[in-house]
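Down below is the structure, laid out as structure tokens.
Numbering (the numbering used here), first residue to last: 397 to 687.
Structure, rendered in structure tokens:
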């Protein structure tokens, strides 16, 4: 995230989190940019023209944030880290975790059964007992050539996907969202905040505080952007992890409001009308100066 922020500023934040949002909503959790509708929808959602979209996607591929081979060779956006972060939600619902498109699988020879990787599910066939190698076929236009960028091959993707740290967030329960009957899409939205936040402790409490903030009218994308900005700030200031605010504190005490691009409650004016028609100072105006 820090590398993307350095190159593209707030626009880089917005692009990355909107891309994750689209991945969360897409069937199979990948985007086929050979499909003109999907490619134009990506541009419209991120509000970037084609050249800038490709530039940022090239950089994300070099960083390892998205699969480099799939993007450069097939113009498909796929993120292994994104799938890892939502895998628990699928497992809790006893649903197969989506698999990488065009992933070659050597099929077994026993029981006259072949397994073919489709990029979404595993499909059984009984037509041929011999070994096969199949790949998912997408009936769309031929991939466009993708200009490669140099200079970032040695960089790490750690800043885009911070380590889970103490407590291993990947092993913490995702049941707080999914077992309560809530959607995988909602879980994916919280994961965007969690990936961006610089401290990985107390995930269940953070989920509850995050849902409360949503109920009060804050948008998931804005909370994720605020988490990313806060992460950049604490790193730039050299703040040790033990002094970084806990994620549920950041949310529950509304510390995120001063990192919002524009307050969704007041539109940046600092005031809003309450349910009684009276004008009140907005939380973004009342927020303190300390992190």
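The C-beta atom is built at its ideal place from N, Cα and C for all residues, glycine as well.
Same chain, Cβ closer than 7 Å to residue i, five either side skipped, listed in chain order
i	result
residue 447	none
residue 576	Reliability of the predicted coordinates at residue 576 is poor, the pLDDT of 40 falling under 50, and the value obtained from them is presented with this limitation in mind. Nothing meets the Cβ criterion.
residue 434	427 and 428
Residue i classed as buried or exposed, judged by whether at least 16 other C-beta atoms fall within 10 angstroms
i	result
residue 495	buried
residue 406	exposed
residue 417	buried
residue 621	buried
residue 638	exposed
residue 611	exposed
residue 584	buried
residue 436	exposed
residue 484	buried
Alpha-carbon spacing of residue i relative to residue j, whole angstroms
i	j	result
residue 489	residue 481	15 Å
residue 402	residue 619	20 Å
residue 432	residue 477	26 Å
residue 629	residue 588	18 Å
residue 353	residue 642	No statement about residue 353 is possible, as the shown extent of the chain runs from 397 to 687 and does not include it.
residue 636	residue 627	12 Å
residue 491	residue 423	14 Å
residue 459	residue 444	20 Å
residue 498	residue 455	22 Å
residue 427	residue 475	10 Å
residue 404	residue 415	15 Å
residue 429	residue 672	48 Å
residue 461	residue 472	13 Å
residue 608	residue 650	11 Å
residue 493	residue 421	14 Å
residue 634	residue 486	37 Å
residue 656	residue 399	20 Å
Residue j beta carbon less than 9 Å from that of residue i
i	j	result
residue 586	residue 614	no
residue 590	residue 605	no
residue 631	residue 594	yes
residue 617	residue 413	yes
Contacts around residue i, its chain only, beta-carbon distance under 6 Å, and the 5 residues preceding and following it disregarded
i	result
residue 558	Its pLDDT being 41, under 50, residue 558 is placed unreliably by the model, and the measurement read from it follows with that caveat. Excluding residues within five positions, none has a Cβ falling inside 6 Å.
residue 419	425 and 478
residue 689	Absent from the model: residue 689. The displayed extent of the chain is 397 to 687, so no value can be given.
residue 457	464 and 467
residue 674	none
residue 648	605
residue 644	598, 601, 602 and 605
Own chain residues within Cβ distance below 8 Å of residue i, not counting five before or after
i	result
residue 439	445, 446 and 449
Output the residue ranges of the alpha helix (DSSP H) runs that lie fully inside the stretch 611 to 654 and measure 4 residues or longer, sorted by chain position. 616 to 632 and 643 to 648
Counting only runs of 3+ residues fully inside the stretch 428 to 493, write out the beta strand (DSSP E) ranges in chain order. none
Quick one: which unbroken alpha helix (DSSP H) runs of 4-plus residues sit fully inside the stretch 583 to 613? Chain order, please. 599 to 611
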